[in-house]
Amino acid sequence: MSDTAILINTAVAVLATVLLIVKFKVNPVIGLILGSLYLGLSTQLGISKTIETITKGFGDIMMEVGLLIAFGVLMGSILNEVGAIRRLVERLLSVFGPKALPYSMAVAMSTVLQSIFVDVLIVISAPLARRMATKIGPMGTARLATAMAISLECGIIFMVPGVGALAVAGVLGVSLGKMLICGLLLVVPTVLLAVLIMSFLFRRGFWKPARDEQNVFEEDDYPQSTPNEPARGSVGIDEGQQPQADPGAVKLAVGPEGKRETSLLLLFAPLLLSLILIAAGAIAEIAKFQNGVLELLGNPVVALLIGLIGTTIVARGAIGQKGVEDAISTGFKESGQILLLTGAGGSLAATVAAAGLGDILGGFFSASAVAPLVVVWVIAAVLHIAVGSVTLSAITAAGMLAPIAPALGLDPVLIALAAGAGSLFMIHVTSNTFWLLQSLLGQTVRGALKSVTVGVSVASVIALGLVLVMSIFI
1 MSDTAILINT AVAVLATVLL IVKFKVNPVI GLILGSLYLG LSTQLGISKT
51 IETITKGFGD IMMEVGLLIA FGVLMGSILN EVGAIRRLVE RLLSVFGPKA
101 LPYSMAVAMS TVLQSIFVDV LIVISAPLAR RMATKIGPMG TARLATAMAI
151 SLECGIIFMV PGVGALAVAG VLGVSLGKML ICGLLLVVPT VLLAVLIMSF
201 LFRRGFWKPA RDEQNVFEED DYPQSTPNEP ARGSVGIDEG QQPQADPGAV
251 KLAVGPEGKR ETSLLLLFAP LLLSLILIAA GAIAEIAKFQ NGVLELLGNP
301 VVALLIGLIG TTIVARGAIG QKGVEDAIST GFKESGQILL LTGAGGSLAA
351 TVAAAGLGDI LGGFFSASAV APLVVVWVIA AVLHIAVGSV TLSAITAAGM
401 LAPIAPALGL DPVLIALAAG AGSLFMIHVT SNTFWLLQSL LGQTVRGALK
451 SVTVGVSVAS VIALGLVLVM SIFI
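1 is the number of the first residue of the sequence shown in UniProt numbering; add one for each residue after it.
The following block contains the structure:
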């Protein structure tokens, strides 16, 4: 088949998938598989080869990241159940103060909290952000809303164990240790710079409270816990427990009937240990340092399993066995849909590669790393505008250039990060995150278009620039 025919059929397959999902409200998993079937058959792979490619693509990405996604989501669900998110945000306020809260909150949400399912993280943290907005000035709602939007979306696609980062790394065969290190180096400056730029714009008149905010919540609307009523927005907190005001991270608070509240540092210690082990394994691999114990413990599957076991043990002391079982049950429900969507995205990426698109694109680029990274950013951005899914658009864009990465001398981690950056561009009304942030943070649609759409798009462009700089050294 001619190159032109392959390009046309690939474009039709992607466009048809978008239309099925957006226009006809077909479940994304079904839409992706149908698009894969069309592409395989239209490019003359044959029935058997098409089915084999789809199932192998699904299986390969599940082999790479299936357990990792499950372990990460389960860990996040347990942390959510014990109220760790509420306590962390309140601790950030007490330690860094109101003025620095948007920055400290953005860094925390884009890094250590990425095991939390994004919708759950929004629902839990939004009431806290609303209550604290009045403490950081007249632009408090705008700054916290954009900080949350930027950090949540950047974290999910750049930072291990964010489901988007795991999925894209799986499609490209990127070592998760390398993805963790490079993602961390990218996500922190990206969120800080984006929040800084948006804060500057808000102070210069870009945000109009009278038109961009609605249902402005006052401090009194969110009373502190009383002995008979838990604080609003808390999850898994025993009745009568008071938010801990002391900035000491390792102190224990005393709850009802003398029961002590588990240390915040202890709650997050297993997750942090997992990330440290993964990073240590990656550093050892880069340094060509061979050690059997480190190789075992630094393996991402083993590291996250250790984190999950540790989180379960710690949580039992805080919420009991029943609470842990409820959290795990919720986590299984959340991880199921994530795994299916990730696997179906892997099927489409595998079919695109099998159809020969990679070989065609390889002829369009020179040995320069700049053009391919910009192209993968543009592809991911266009797909995201159409579909509204950060993970899906990043997987598809990365899959298109994955076959030619070795020929270009381009490290696959750069493609992963560029695809992730593009998938953040123009988050708008097709995104569930957009509507959650709009409604839960008291914004009008106009306000959400500024804080979410513009804010995350600024982060998308910043991230692309930083990835291009990283390409010089990687």
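C-beta: ideal position from N, C-alpha, C; glycine also.
Residues near residue i in its chain [Cβ-Cβ closer than 6 Å; skip 5 each side]
i, result
"G162", "Q114, G155, I156"
"A147", "P102, M105, A106, V195"
"S199", "R143"
"G31", "T17, L20, I21"
"I197", "V458"
"V133", "The question names Val, yet the displayed sequence has Ala at residue 133. Here the set comprises G140, T141, L144."
"A280", "G298"
"L436", "I122"
"Q44", "M1"
"P98", "K135, I136"
Same chain, Cβ closer than 7 Å to residue i, neighbours up to 5 away in sequence not counted
i, result
"V302", "L296"
"P189", "L466"
"L193", "I462"
"G164", "I156, I157, V390, T391, A394, G420"
"G66", "L339"
"I8", "none"
Cβ-based burial, residue i [other Cβ within 10 Å; buried from 16]
i, result
"K288", "exposed"
"N80", "buried"
"I6", "buried"
"K450", "buried"
"L166", "buried"
"T55", "exposed"
"K178", "buried"
"F24", "exposed"
"G205", "exposed"
"M1", "exposed"
"R131", "buried"
"A381", "buried"
"M109", "buried"
"F473", "exposed"
"A11", "exposed"
"D3", "exposed"
"I47", "exposed"
"L252", "Residue placement at L252 is poorly supported in this model, since its pLDDT is 35, which falls under 50; the coordinates still yield a value, given next. Classification for L252: exposed."
"G292", "exposed"
"residue 476", "Residue numbering for the chain in the displayed model covers 1 to 474; residue 476 lies beyond these limits and cannot be assessed."
Rounded distance between the beta-carbons of residue j and residue i, thought under 8 Å
i, j, result
"I150", "V191", "5 Å"
"I85", "L41", "No, I85 and L41 are not in contact; Cβ-Cβ is about 46 Å, not under 8 Å."
"S471", "L373", "6 Å"
"A353", "P403", "5 Å"
"V174", "A13", "At roughly 25 Å, the Cβ-Cβ gap does not stay under 8 Å, so V174 and A13 are not in contact."
Residues of its chain near residue i, where Cβ-Cβ distance is below 8 Å and the 5 sequence neighbours each way are ignored
i, result
"Q438", "T444, V445, G447, A448, V452"
"V324", "I78, E81, T312, A315, R316"
Quiz item: Does the pairing of the segment 73–91 with the segment 316–334 give three or more beta-carbon distances under 8 Å?
Solution: yes
Quiz item: Below 8 Å, can you find three or more Cβ-Cβ pairs linking the segment 40–59 to the segment 337–347?
Solution: yes
Quiz item: Touch check for the segment 35–47 and the segment 6–21: three-plus C-beta pairs under 8 Å?
Solution: yes
Quiz item: In chain order, which continuous runs of the alpha helix (DSSP H) of length 4 or greater are located wholly inside the segment 251–330?
Solution: 264–286, 292–297
Practice problem: Could you pull out every unbroken beta strand (DSSP E) segment of at least 3 residues lying fully inside the segment 7–60, listed in chain order? | Solution: none
Quiz item: What alpha helix (DSSP H) runs, 4 residues minimum, are completely inside the segment 140–214?
Solution: 140–158, 163–172, 176–201, 209–212
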